[in-house]
Structures are given as structure tokens and as C-alpha cells.
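Notes for the one structure printed next.
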């Protein structure tokens, strides 16, 4: 009983502090936090095997707060636990005063969980709902690879469990047999705008989990003993393999302990003024009713489970170029055809990277034979590091964020079109500063026959928007890479592997002739001048470099001498491009096979900032594509054929004194 | 027996044609199609109550092919059924020759379903997986509103059912009691890269559906009698309310009837050359084995269910401005404070629109008290047209596409940040030319305290990328609207309601002072010159118009006279903006509270195309935001405060002869 009394006492302490800190901040979610108070108390003060001062240890248990808005209840626990907050030289012990500065501009106690702002207890940024369980899956995969025996507790709101991603994660946990993850559903019955749907009731959640192969411990989420026994059952099953893995469905009360904020209408609202005083008085009463009494020693953190020392991952350099890599695997003959799709070179590069760096892991969404990540998967030395993520892109991206937090270097691939499904998850990974690489295949329109439902058309604009911001000075929030041939795709994949930061690479479907060779070098922020002229600067990327190349002779026949740049990276060297624009009379033509906002806008943004007097014509996809049997037909349909490029270029040169 | 014999005969006919058309096209998915052949035959030739020559009737049954890649089996049925293909004056009867032109650039027989390319049988564009059931839900909602008694059959692949959106749709169907929708899971066991996960096996799919409250008819998907009886059970339950609604799980064979393409490794590959001949021979054998024999009259389409004549929706004009609208609802006092959040004005406008046009329907993702769509929901005359979509944005957007196809005018709202979750669904809606309006609240950084997990930061860049393309000449693929005050938000919501085409509006959290009044007018492609000067053109949108306004006096104190434009629409009148840039010495400053790629890039794209010699400085969010208690603090943190704007403007003017 003493244990229960102490849990109640601590839980009530945390609730009080959560009420006070949100009242002080003038916003926040005290009632959601209160519904989790006992679960958080038992986990953080007793059950979890971790060091609050060093929560990021790869062998320690972790908690993922999927319903991120409930974070005040976690913050409230930080001072007692001696958690460290703040980044780098600012690191310090959490105090009550510190956590009372919730949401202040210079406080690491951010509005929603974010380790990057200085609260390392959280393994990932959360707050956009439904993502935490996927992150937990990624963390658990990383831990298993490292031979660790730690566990991962994920707190999920009932309303939040409407997000399909939660069920993608459940399926993924089962596919990968990740029993170390403990999904805990917090059924406090109220969402933001009223009661949650019956489809998210405890009863139906339990049925859904049972259908997915879980044994469900249904508990009163405010009963310390029930919480303990459910966590105990999870722990038992986490190591075994015979019986079902365990999930917990906890019936809880939103605003537990202070009825003044019970029921509908209290979501995301601080309890202020008289209500705040009343809430504290009600908590006094509640403490008496439940018999809350703290006794030192009732709650004790366990030791971090011993594991073999985590493997040291000696990394070596991958072969520097495609030819060397293929030679190593006795596949050099592939090059004899004189052409290769960028997506295939990506696969070869993944394999080379995988052999060079044991931290590299690969995820794919049931299209590895299209993205060519199968070259990694099919290598017997690497296949254990390939995680089939099925047709569930949201889970894939959040799981990759978890893998990154767990010290792995995840590469993910699917069609560029399908990356759109996970843009929210990707942005959340970036908010948490996860080092993730995403590769979209079949980008642009050169895949032709399958039509627009399979074409990456707006991915370039989205990623370029991210690339306009920085994680820290000099490090873009996103690097957008668009290789034009297989040598470039290989080298840029290796560059991504060596680079610490988020990248998105666009590959395309058709085999394309080589523009480069084993001596060509590529780097983030780089570009290649493929033809140096003086009349017109043509900037293209990816597949369209070939289309633009195909016009050069036709310009030259007319005694015109364009410059052609393969602008394979965004960001790029803006002053170098400005110099080239000036050297070409300020006539600039950009050519892309996506909607606008990609390299065309990046170039116009740069040149107008640098005040280069110029005329820029942007050729890009300007209507919804449709199927065509050959890429050329689709290019023509969209006004992006070689003839169109030539015509546009000539029109820019006519009436000028160029050439 | 004769019915079964005829179904087999027709199914085999369709499979043959699907094999031939994909072989001719050189790509496509004949084996997926074959797994659906009997289901499609029974549905299209017998069970469905529709007119193949006019499949879009709102009172007729419809089929949604969620696994869009299987479309050849539907195309194969078109000639026999007398389906019409082609758009407008090109409309004609489908023939065998026509469908053999699958994927040709000038053919309406597109690679994946798309009614807009001229195959009106499909109610929506599909092909990016997991979306069809949500579309079906939207269609069924629309039909129910119109008093129709038709049914909606959705064919879903087993691998595809890994997408969480499928389960969001199942929950939504149950919430809305949409028994007219018949989810049919096609369990052919193979995905693109191998066997589907056990989590998508028929057994576990059934358990999941039962958990969600369905009765599941488990059938052999190649047994005509079993198909009929399952569809019959669905039909029975579609009208009732007592027993569970019905879903169908069909065990099928990928490549049914031609073993040469059985098993793994045949996904998405045409059967060519010798294999094609072998497949036809095998189908001869199969026909004998199953006793295929066509008898005219065995299969008969039923009559379209009679319904009351669909209601005529007389529309009237909504009040033209915010004041008039509030006056109508006796809420004019709201204006006395002199300020109002754009999100609130959106809610008032929705209500006004709802009263003016009975086709207007509203969806929201459990944040209607944040987006203020609750003003519509709480109106007793309108609440039947409000569909709570819970925390499941993907389903919400695809359901809206279905509602649009069903003749409704859907408005959807959630936080701008959370719209990212449904970008793929939105793009698919656009591919199908659905007339949908999406409103993201809490855009930019002015919400401050909740931090980046709740901020719309990359939505502007994404939507602007879409806005660079067109649905048809003069009609953008997306209109991006960013009202700066409540009058603007009201007027632009009304403008969206009157406009036929996709729009995205960004609203923000704080109450902001009025910039406009009841005489101000707003239109798609419009802008407002708020201050006309000659030294510097400042272009801002949304919340940042206020920040920019706040600097004008400080410029003027220095005898500088900037022009300030509220650039509330993208696309906009480019030549007018170019004239303003020229009138201000080519010095242009754009100010936004999102990552780059929004109005700044739109302006630089336009001015460089129009060859306006200019220097453009873009102020936008350049680092990941964090929480701050007040918007001003966050603006300062991001270098977007009034002081920052002033400094940037002054630096552009120093060293120039302006002012």
C-alpha cells in the first residue's frame, strides 16, 4: 500500500506543478497531463531503467510522449528526478523555477516535446499527433541491432489513435517482432472538441489491438498497482517469443484530481485565477481520498540492463565512384551499356555504403525493386539492416527518425510521389534534428506510362522550401539533390552518407546515358558546368539535364553558344551561378520536370538578391500530366521537349544582341 | 449454374483483354486485374444499379478502384458495357480498339484511374494507394444528403490495406453510419516486392474489421455465387440499422486463370511474347475447368433505385462583407473591439456561405474550436452539413474529394501544420479535378506558444508550387490565399465559395486589428496597395502585413516613403506588381512568416520573367522556430520583428539614391 500512497502523492505533486506552469505560461494542457500523472509517475520514478541525468543512453529505457501536448506532466517530474536541461555549455539541472518558465522564448521547456531545444529526455519532437509509436519502433530496432535489452514506452492519446499511422506502427511492430515497445493508450475520453468517437473507446481499441495480435492489459490508469502489474506483464513478454506481446489500455480521467476541469471544454486550457485555487483545494481533497502519502524509498529506479558493450562501428570510406563500387562487386559490366538509371545507381551506392558503415540502415515501402534499395536488401551481409516498411510511408519516416535517434544512419526510399504522404512526419523529424535521408524515385515525368498518380511533381518545391531555412548556420534544413546520371547518383548517395543532416534525393525511372565518369566529383552545394558559353545560361537538374544537353548542338548550328549547368544541389553556390548569369548576358533559362518552386525559384531568388540584372524564363510542368507510353511524348504534352527548350531559348535570344 | 458459367466466361474475356492491352502498352498490371475479374464482372455486369453510358448520375451505384493500378480489368469491361469515354465533344463509345490504346498519350485510357482524362466511370483519380475508401465515404455522404439510396463499392488491395488511411476511413464510415459503402478487400497475397505481411492476411483483416464493428463476408473471390451472396448481404444491411454493416474479404489469385504469371515477381508486369500466348492457352484450359459459358440474359443490370427527385439547391448570394454577415446574425458587436482573428472570420463566413448555398459542407479534424469552423457546426440549420472527421487528416481530404464528386462544395479545416499529412491526398484530389477548399489555421509563427509542431511553415511553399501550374488555361491548380485581417478572411472565404477550383487559405491565431472595412473588396488574383510610395516596395501577406505596416511611420520619420502591398493571393497580377517594383526603384522586400518558396519566390519568379531590373530581399523564417509566450518574441527570435523589417529596408535604401 505504501507504494500506492507514494505514487498518488507524487502524481498529485506533478499535477499541481503542471497546473501552475501552464497557468504561468498562459497556455498549455494541464488536464491531458493529469490523465497521465500516475502512469508517468510509475514509469519515470520506478519502472524505467534509465539515468534521468543522461536519458539518451542507447541501452536505457525511453519514453516517447506521442500525445506531445501533455508534456507539462513530464516537465513537472524533471526537477525531482534531477534531469538535465539546456544544450551544450548551457546544460544545467532542472529546477522548479526553470520548469515554471514553460514556453518562454529563452527556455528549453518548449510548448511541445523537443530534445533539440534542450530537453533530452524526449527522444523525438512530437506534438503533431500519431507519430510516437513509429518513433518508438525505430528506437527499438536500433537498440536490438546494438544488442541492448531496453524497453520503450509510448503514451498515445485515445483521440490521437484515430490517426492511421498509429495502426501502421502497430503492424510494423508485429512484423518486426518489436516486443520491447510498450504501446500505452491513454483513454481519457475527451478530445479537443468533445468526446472521442466510440471507435476510439477503450472497448474498441482493445478489440483492434487484439485483432492485431496483442494481449491487452486493461487498467485503471490512476491505480498504481494496476499500472505496475501491466508494466510487469509487458516486461515479462518483452523477452519471450511464445505468447502475445503486450499493449496497455488505460482508462483515465482528463483533469484527474481537480473536478473543476473535468469533462468537455477543458482541453488545452490552463486553469487560471479562482479555478486554479479551487483546483489546488480539490487536489488536497483528492490526496486525502486516495490516501496519498510520500515515503522515501517506495519508488526506485532500476539499474540499466546490462548488455554487451555496444558494438564499435568502424567506418571506412566507400568506393568513391560508381565504377570502383561495381568493380568491387564484379558488376562492372553494367557500365558497358553506356547508360544506367539514377535509381539503380542509388541501389549500388547503398550497398557500398552499407559495407563501409555498419550504422547505415535502409527502409523501403514495398517498392524496393523500383527504388533499387533491393540491391542492399539482397546482399546477405546487409539484409539484416533492411527494414521492409510496406505500404505505409508515415510509419516509415517516423521510424527512421527513431532509428536516427538510436544512432543509426537511416536511408528511406519510395516513389517521390508517395513521399508526400509523410511530409508532416518528415518535418517533425527535422524539428527534432534527426539525421534522415529520403530518396524519392520515379520523380518528374520521365516515368511517363504510369501517369500523375505515380509522379513526383511537387516534391521539388516542398523540399526547396525547407532548403531555404537552416538547422544551424551553414547547415540547411534540407538538402535537395537531383542527380542527372548514375555516376552523380552514386556519388551523391555516398555524400549523403558522409553528411550529417537531412537530405532528399530525386531519382528517375529511365536508364539515361552517362554524362560523367569515375573522375567526376560531386558535393552538397555543388554544380557542374557541362558547357561554357556566353549567350544563354541554361540550368537544369535530373532527367532534364539530358533534354537540355540535346539542344546544345541545335543552338550551336545557329552560332549560339549557351552555357549549360547541371544544378544538382539546392542550396548551391549562388555567387558562382550569378557570375555565370552575368557572363551570359543575364539571360537565364531553367528547366525542370516538376511543378514550379524548385530550382527555377531557387535561381530567381538568388539572382534577385544578388541584384543580377537578368531575365529568367522557367520551364517546368504547368499542367497535370497524363500517361504516355514514352517519356518524349509526355515531355511534348507538357511543353518540355527538346524542341520546346530550343524554341524558348531562341525566343530569349531573339531581339537581344547575343550570339 | 448458368449465372456462374456466364460470370466465368465474362471474367475470362476481361482477363484476356487486360493481358492484351497491357502487353500492347508495354506496362501495366494484368495480374492484379485478374484477381479482381470475377468481382468486377458481377459488380459491373449485374449487381450495380447504374447506367454505363452515364455513370456519374448522383443516384446510381458507383465503384471506386482504390487499388488503381488494377484498372485494366475495368477498362476491359468498357466496350461490352457501352461505356462512354473521352471528354466533351470527343465523347464516344468505348471500343476494343480504344481500350487497346491504354496509356497512349492521346488516349483517355490512362495508366491509372482518372475521370478527368475521359473515363467518367471512375469517380476519382486513384493510384496512390489507400485513398479510395475515404472517397467512397464522401460520395456516400453526398448521396445521403440528396436522399439517394445508391451504394458504393470500393475495391482495396491487401497490401494497400497497410495504409493507415484505410482504417481512418473504416472508423469514419462507422462514425457516420455509412452502410451504403461496401469495402471489398482483395486478398491476392502478393504485393509489389513479395508476399504481403501476415498483418494484411485475410484472417487478420477480418479480425480488424470485426473489431471495428463490421460483419465480414469471407469469400472465394473467384466464386460467382459467393460474390453474389456477399453483395446481397451488404445490400440487405445497407438499408437497415440493427445489425452490423458488411465488409467483404475476398481470397483471390493474382493472375487467376493463367498460372504462367502466378506467384511472386509478376506485379506490374505485362505478360509478353511467348508468355502471352501461353497465358491465353492457359485461359482456354481454365475456361474448360470452371465451365465458362456465356449465356445472354444471365447477367443483368438492375434499375437505378428510385429516389425523390434530387433537391434543387437554389443558391443566393452570401452577405458581401463581414459586417453585413455579422449583422444578419446579430453579432455586429464583435466588430467593436476593432480586431478579430482571420480564423474567426473564416468561421463567420462559413456560416454565411452555408446559409446561401446548400451544397456547402464542412469537415474538420477535431479542431473546430480552433479553426472556428464550429460557427458553422453550432448553427442548428447547418450542423447536418458538418462532418466531424476527427484526428485523421488523410481521410478528411479524400472524403472531401468524394463529396465534391457528389456535387457538394466541401470546405475542410485543420491547423496548417496538419494539412501536410494529407498532401498526397490533396494532390490526388487535384489530379481528379475535385473542387475542394482547404483552410489551414494557426499558420506561420504568430501562434507562438505552442511551438513548431503546430506551425504552418512549409504549407505556403507547397501550395505556391501547385499554384505555378494550371488545371486549364487561366485556372490555377491551386489558389493560395493569405488574408491579413478579418474582413479579408471573410471576403476571401466567400470568394472561394463562389469559385470553381481548388484553394488553400492560411489563417492565423491572434486577433489582429482591422486593415479593411465593409467597402473593401477582395478577389482571387487580387492584392491591395496599403501605402503608395516610391522608395521601396514591401510585399507581405497574412499576419506579416501588420508587422510591415508597423514600420511605415518609422520609414517616414526618415523621409523614406515605402509602398506596402498586401499580396493576399497567389497567383497575382504580375504586371501590376512589376509596375510597382519599377515605381520603387526596383527595390523589393518580401516579408512572410513561413519558410521560403512562398510569396517571395512568387515575386522573384514574376519579376525576373518580366525582366524588371530589381533587387529583392526576402524575409522569411530561416531557422526552426521554438515556443515563445508572445508572437513578438518569436518574431524577434526569427529575425522577423518590426525592427528587423525596418533594418532590412533601410539597408536596401542606404547606398541607393532613394528617399
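Residue numbers (the working numbering), protein chains in the order written: chain S, 1 to 659; chain H, 660 to 1318. A virtual CB, placed ideally from N, CA and C, is assigned to each residue, including glycine. Remember, it's a predicted structure, so these values are computed and weren't measured experimentally.
{"Query": "C-beta contact flag for residue 1282(H) and residue 606(S) at 7 Å", "Result": "no"}
{"Query": "Backbone CA spacing between residue 1067(H) and residue 1019(H) [nearest angstrom]", "Result": "6 Å"}
{"Query": "Length at least 4, wholly inside the segment 724-810 of chain H: the alpha helix (DSSP H) runs in chain order", "Result": "731-740, 755-758 and 791-804"}
{"Query": "Where residue 555(S) meets chain H, residues with beta-carbon distance less than 8 Å", "Result": "By Cβ distance, chain H contributes nothing, its closest Cβ being about 21 Å from residue 555(S), past 8 Å."}
{"Query": "Cβ neighbour criterion (16 or more within 10 Å) applied to residue 1252(H)", "Result": "buried"}
{"Query": "DSSP-derived helix/strand/coil call for residue 908(H)", "Result": "strand"}
{"Query": "Chain H within 7 Å of residue 369(S), Cβ atoms only", "Result": "yes"}
{"Query": "CB contact below 7 Å: residue 1283(H) versus chain S", "Result": "yes"}
{"Query": "Chain S contact residues for residue 796(H), given Cβ-Cβ distances below 8 Å", "Result": "Neighbours of residue 796(H) on chain S: none; closest Cβ ~13 Å, over 8 Å."}
{"Query": "Residues near residue 516(S) by beta carbon distance below 7 Å, same chain, minus five either side", "Result": "485, 487 and 488"}
{"Query": "Chain H contact for residue 391(S) (CB, 7 Å cutoff)", "Result": "yes"}
{"Query": "Start and end residues, alpha helix (DSSP H) containing residue 1149(H)", "Result": "1145-1157"}
{"Query": "Members of the segment 145-174 of chain S near chain H, C-beta cut-off 9 Å", "Result": "157, 159, 160, 161, 162, 163, 164, 165, 166, 167, 168, 169, 170, 171, 172 and 174"}
{"Query": "Bounding residues of the alpha helix (DSSP H) (the contiguous stretch that carries residue 1174(H))", "Result": "Per DSSP, residue 1174(H) belongs to no alpha helix (DSSP H) and is neither H nor E."}
{"Query": "DSSP state of residue 1291(H) mapped onto helix, strand, coil", "Result": "helix"}
{"Query": "Host beta strand (DSSP E) of residue 1137(H) (start-end)", "Result": "Run containing residue 1137(H): none; DSSP gives neither H nor E here."}
{"Query": "Contacts around residue 1312(H), its chain only, beta-carbon distance under 8 Å, and the 5 residues preceding and following it disregarded", "Result": "1194, 1195, 1219, 1246 and 1318"}
{"Query": "Within 7 Å, strictly: CB atoms of residue 174(S) and residue 130(S)", "Result": "no"}
{"Query": "9 Å Cβ cut-off: residues of chain H touching residue 112(S)", "Result": "1109, 1110, 1111, 1112, 1113 and 1286"}
{"Query": "Residue-level contact to chain S via CB, residue 835(H), 7 Å cutoff", "Result": "no"}
{"Query": "Beta-carbon proximity of residue 1110(H) to residue 546(S), cut-off 7 Å", "Result": "no"}
{"Query": "Beta-ladder partner(s) of residue 181(S), from DSSP", "Result": "152(S)"}
{"Query": "Proximal residues of chain H, C-beta to C-beta of residue 418(S) below 9 Å", "Result": "787, 788 and 1083"}
{"Query": "Neighbouring residues, chain S, relative to residue 709(H) (Cβ below 9 Å)", "Result": "Correct list: empty, because the minimum Cβ distance to chain S is about 24 Å."}
{"Query": "Residue 96(S), buried or exposed, once every other Cβ within 10 Å from all chains shown has been counted against 16", "Result": "exposed"}
{"Query": "Residues of its chain near residue 456(S), where Cβ-Cβ distance is below 6 Å and the 5 sequence neighbours each way are ignored", "Result": "416, 417, 440 and 443"}
{"Query": "Residue 657(S) versus residue 567(S): straight-line alpha-carbon distance, rounded", "Result": "Model confidence at residue 657(S) stands at a pLDDT of 43, short of 50, so the residue's coordinates are unreliable; what they give is reported in the following sentence. Approximately 26 Å between the Cα atoms of the pair."}
{"Query": "Interface residues of chain S facing residue 1273(H) [CB-CB closer than 7 Å]", "Result": "608"}
{"Query": "Close Cβ partners of residue 479(S) (< 6 Å) along its chain, the five nearest in sequence each way excluded", "Result": "503 and 524"}
{"Query": "Sequence-distant residues of the same chain with beta carbon closer than 6 Å to residue 720(H), five excluded per side", "Result": "707, 708, 709, 809 and 810"}
{"Query": "Same chain, Cβ closer than 8 Å to residue 1124(H), five either side skipped, listed in chain order", "Result": "1256"}
{"Query": "Boundaries (first-last residue) of the beta strand (DSSP E) holding residue 540(S)", "Result": "537-540"}
{"Query": "Residues of the segment 849-864 of chain H with Cβ closer than 7 Å to any Cβ of chain S, in chain order", "Result": "850, 851, 852, 856, 858 and 863"}
{"Query": "Burial state of residue 670(H) (16 or more Cβ within 10 Å)", "Result": "buried"}
{"Query": "Outcome for residue 889(H) when other beta-carbon atoms lying within 10 angstroms are tallied against a minimum of 16", "Result": "buried"}
{"Query": "Residue 128(S) vs residue 428(S) beta-carbon contact at 7 Å", "Result": "yes"}
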